[in-house]
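Undergrad:
Number of protein chains: 2
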Amino acid sequence: MIPRVSFLLLSILLGILGILCVVFTVYWTQHWLGGFAWDGSSQMFNWHPVFMVTGMLVLTGAAVLVYRVPLSWSGPKLPWKLLHAGLTLAAFILIVLGLVAVFEYHNKQGIANMYSLHSWLGLGAVLLFSCQWAMGFASFLLPWAPTWFRALYKPIHVFFGSAIIPLVVAACISGINEKLFFKLTSTTTPYSQLPAEAWFANILGMLILVFGLLVLFALAMPVWKRPDVNSQDTQEPLLQEDK
Amino acid sequence: MIPRVSFLLLSILLGILGILCVVFTVYWTQHWLGGFAWDGSSQMFNWHPVFMVTGMLVLTGAAVLVYRVPLSWSGPKLPWKLLHAGLTLAAFILIVLGLVAVFEYHNKQGIANMYSLHSWLGLGAVLLFSCQWAMGFASFLLPWAPTWFRALYKPIHVFFGSAIIPLVVAACISGINEKLFFKLTSTTTPYSQLPAEAWFANILGMLILVFGLLVLFALAMPVWKRPDVNSQDTQEPLLQEDK
């Protein structure tokens, strides 16, 4: 009973934090960075942080915790697999849109792509995420992966799934930091004097950090792990569900 | 036997990566940022990345893995506790020096302190590290902490010990990113055109990321965890060792 209640409480906290991360990102981009458009302007860029924080951080954080929900421990695993795949697919769509937003903006404005450490890290996270989705789909939802392969690949999928979280946190933090240095250089109140925008976006960065650490904490707690973690569940592909 | 060999191989890889991180940081600061001094100039600042990468990342990474060394699983735990405390103490000394280097430089040059997200994150990591060291020393080395307290505090100490790693990785990445934007703005080849320095420091950032992820991987692998993880070891303070 205690694991269920404590997991529920943590989930509520993570839900609040996740919503706060998205709301803070939207408010920052809306209020200080000029709002949204889809026209290659800096307003198009503004979708980039919103989509990345929502998809890559919050939806991915929710997706990696699906199998920690105690309800998922009994009964068929398929609905939970579909929920995991659905959440990560939604995240993936947002990630692609987030990439389009920044590349289109750069290209229209004649700004170079993929030079900063933030961009290298972010692209690394996107590539890892894409491999995870494709491999997870082919191994655990499609019926033709042999059982030995599922058993072998599962811990790898689980490890890289959680490795995405610190990667994304580092990408978000470096991205916010770099945007503030870009934006608050030529203003009357530079970043170094901590105007309201800098406070706000720094707090957003800390919220993202706490969210990421709490997701890693929830993943690491043995008491919240699915008890039958290495048994039947690797052997249940989509098309064999009714066997 | 296999866990021992695989852990040895991972340790060698981590050793090489850790040395590479330090060597890359020293080479970057020596070759491109102007070398070292202790006089409040930008050469004093250069100690900051060197001390932080060495202490906060590499030594801390080694320290958190001490209890994963299979040799530590049998025999008295005290030498390993002292090794863990010694490595983290060495790290702490470097961290303090790394902070002095950046604050002195800022103060002498009239640059504001503690405004960027990188600095907030870094200070958060330093505060967490300090709490961990003080609490770990008082709980596991000094003799007066009661057994129930050790048992209660140990998983918290272990969790925050591993939480420091992603925090430090994010701090290092955002720090390198920000330094490159500072440095490569007014040069003939800006950051956006990826001069050799940018390539070099970006690769340093990726090395730091891989090092951090591998440390987290080594920590998470059940096969490398000390088998008696929740038994006698919480009950063995320094001064009761010979009982």
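For the protein sequence lines, the chains are Y and U, in the order given.
Per UniProt numbering, the very first residue in the first sequence carries number 1; after that it's consecutive.
Per UniProt numbering, the very first residue in the second sequence carries number 1; after that it's consecutive.
A virtual CB, placed ideally from N, CA and C, is assigned to each residue, including glycine.
1) Kindly indicate which three-state DSSP category V69(Y) falls into: helix, strand or coil?
2) Given this structure, state the Cα-to-Cα distance separating V100(Y) from L142(Y), to the nearest angstrom.
3) Using the rule of at least 16 other Cβ atoms within 10 Å of the residue's Cβ for burial, across every protein chain shown, is F51(Y) buried or exposed?
4) Could you tell me which of V69(U), S174(U), H157(U) and S119(U) sits nearest to C131(U), measuring between CA atoms?
5) Can you tell me whether G205(U) is buried or exposed, with buried defined as 16 or more other CB within 10 angstroms of its CB?
6) Note down, in chain order, every chain U residue with its Cβ under 8 Å from the Cβ of M52(Y).
7) Expressed to the nearest angstrom, what Euclidean distance is found between the alpha-carbon atoms of D39(U) and Y105(U)?
8) Using 10 angstroms around the beta-carbon of N113(Y), count the other beta-carbons present and answer buried if the total reaches 16, otherwise exposed.
9) In this structure, how does DSSP classify F137(Y) when only helix, strand and coil are distinguished?
10) Leaving out the 5 sequence neighbours to the left and right, which residues in its chain are closer than 8 Å to F103(Y) when beta-carbon positions are compared?
11) Does the count of Cβ pairs from the region 157–172 of chain Y and the region 192–201 of chain Y closer than 8 Å reach three?
12) Tell me where the alpha helix (DSSP H) around A171(U) begins and ends.
13) According to DSSP, is N202(Y) helix, strand or coil?
14) CB-CB under 7 Å to T54(Y), same chain, minus the five flanking residues each way: which ones, in chain order?
15) Among residues of its own chain, excluding the 5 on either side of P145(U), which ones have a beta-carbon nearer than 6 Å to its beta-carbon?
16) Give the single residue among F137(Y), H48(Y) and E178(Y) whose Cα lies nearest to the Cα of residue 262(Y).
17) For Y191(U) versus S192(Y), is the C-beta spacing smaller than 8 Å?
18) Using a Cβ cut-off of 8 Å, which residues of the region 99–125 of chain U contact any Cβ in chain Y, in chain order?
19) Considering G86(Y), what are the terminal residues of the alpha helix (DSSP H) in which it resides?
20) Please say whether F211(U) and G86(U) have beta carbons closer to each other than 8 Å?
21) Check whether the Cβ atoms of G61(Y) and L14(Y) lie closer than 8 Å to each other.
22) Could you name the residues of the same chain whose beta carbon sits closer than 7 Å to that of G161(Y), not counting the 5 residues immediately before and after it, in chain order?
23) If you measure between the beta carbons of P3(U) and V215(U), is that distance less than 8 Å?
24) Could you tell me whether the Cβ of E178(U) comes closer than 8 Å to any Cβ of chain Y?
25) Closest Cβ-Cβ distance between G212(U) and chain Y: below 8 Å?
26) Looking only at its chain, what residues have a beta carbon closer than 7 Å to the beta carbon of L20(U), apart from the 5 residues adjacent to it on each side?
27) Where M44(Y) and F36(Y) are concerned, what is the direct C-alpha to C-alpha distance, given to the nearest angstrom?
28) In chain order, what residues of the region 13–30 of chain Y put their CB closer than 7 Å to some CB of chain U?
29) So that I know if they touch, is there some Cβ in chain U lying closer than 8 Å to that of F181(Y)?
30) If you reduce the DSSP assignment to three classes, tell me which class L8(Y) lands in.
31) Out of P70(U), M56(U) and T188(U), which has the shortest C-alpha to C-alpha gap to L9(U)?
32) Is there a Cβ from chain Y that is less than 8 Å from the Cβ of V215(U)?
33) Once you ignore the five residues that flank W80(Y) on each side, which residues in its own chain have a CB closer than 7 Å to its CB?
34) Taking beta-carbon pairs under 8 Å, can you tell me which members of the region 192–209 of chain U lie near chain Y?
TA: On the basis of the coordinates in this document:
1) Reduced to three states, the DSSP call for V69(Y) is coil.
2) Cα-Cα distance, rounded: 29 Å.
3) The C-beta of F51(Y) has 16 or more other C-beta atoms within 10 Å across all chains shown, which makes the residue buried.
4) Considering only V69(U), S174(U), H157(U) and S119(U), the residue with the shortest C-alpha distance to C131(U) is H157(U).
5) It counts as buried.
6) Here the premise fails: no neighbours, minimum Cβ distance about 15 Å.
7) If I take the Cα positions, the gap works out to 8 Å.
8) That one is exposed.
9) In this structure, F137(Y) counts as helix in the three-state DSSP scheme.
10) Counting only Cβ-Cβ distances below 8 Å, and skipping sequence neighbours, we find N113.
11) Contact check between the region 157–172 of chain Y and the region 192–201 of chain Y: fewer than three CB pairs, one atom from each, fall below 8 Å, which does not count as touching.
12) Here the alpha helix (DSSP H) through A171(U) covers T147 to K183.
13) Taken through DSSP and simplified to helix, strand or coil, N202(Y) comes out as helix.
14) Result list for T54(Y): V22 and L94, in chain order.
15) Before going further, note that residue 145(U) is Ala rather than Pro in the sequence given. Within the same chain, and ignoring the five residues on either side of A145(U) in sequence, the residues whose Cβ sits closer than 6 Å to its Cβ are S139.
16) In this structure chain Y extends from 1 to 243, so residue 262(Y) is not present and cannot be described.
17) Their beta carbons are not under 8 Å apart, which means Y191(U) does not touch S192(Y) by this criterion.
18) Residues of the region 99–125 of chain U with a C-beta atom less than 8 Å from some C-beta of chain Y are I111, A112, Y115, S116, L117, H118, W120, L121 and G124, listed in chain order.
19) That run of the alpha helix (DSSP H) goes L78 to Q109.
20) F211(U) sits away from G86(U), with the two beta carbons spaced by 8 Å or more.
21) Yes, they are a contact pair.
22) Cβ-Cβ distances below 7 Å link G161(Y) to V64 and Q132 in the same chain, with the five nearest sequence neighbours on each side left out; the list follows chain order.
23) Contact: no.
24) The beta carbon of E178(U) sits closer than 8 Å to some beta carbon of chain Y.
25) Taking 8 Å as the threshold, the shortest C-beta distance from G212(U) to chain Y falls below it.
26) The answer, listed in chain order, is L207.
27) Going by C-alpha positions, M44(Y) is about 6 Å away from F36(Y).
28) Within the region 13–30 of chain Y, no residue has a Cβ that lies closer than 7 Å to any Cβ of chain U.
29) The C-beta of F181(Y) comes closer than 8 Å to at least one C-beta of chain U.
30) Helix.
31) Comparing Cα positions, the closest option is P70(U).
32) Under the 8 Å criterion on CB atoms, V215(U) is classed as non-interfacial with respect to chain Y.
33) So the qualifying residues of the chain are V66, Y67 and S72.
34) If the cut-off is 8 Å between Cβ atoms, the region 192–209 of chain U has S192, Q193, L194, A198, A201, N202, G205, M206 and L209 near chain Y.
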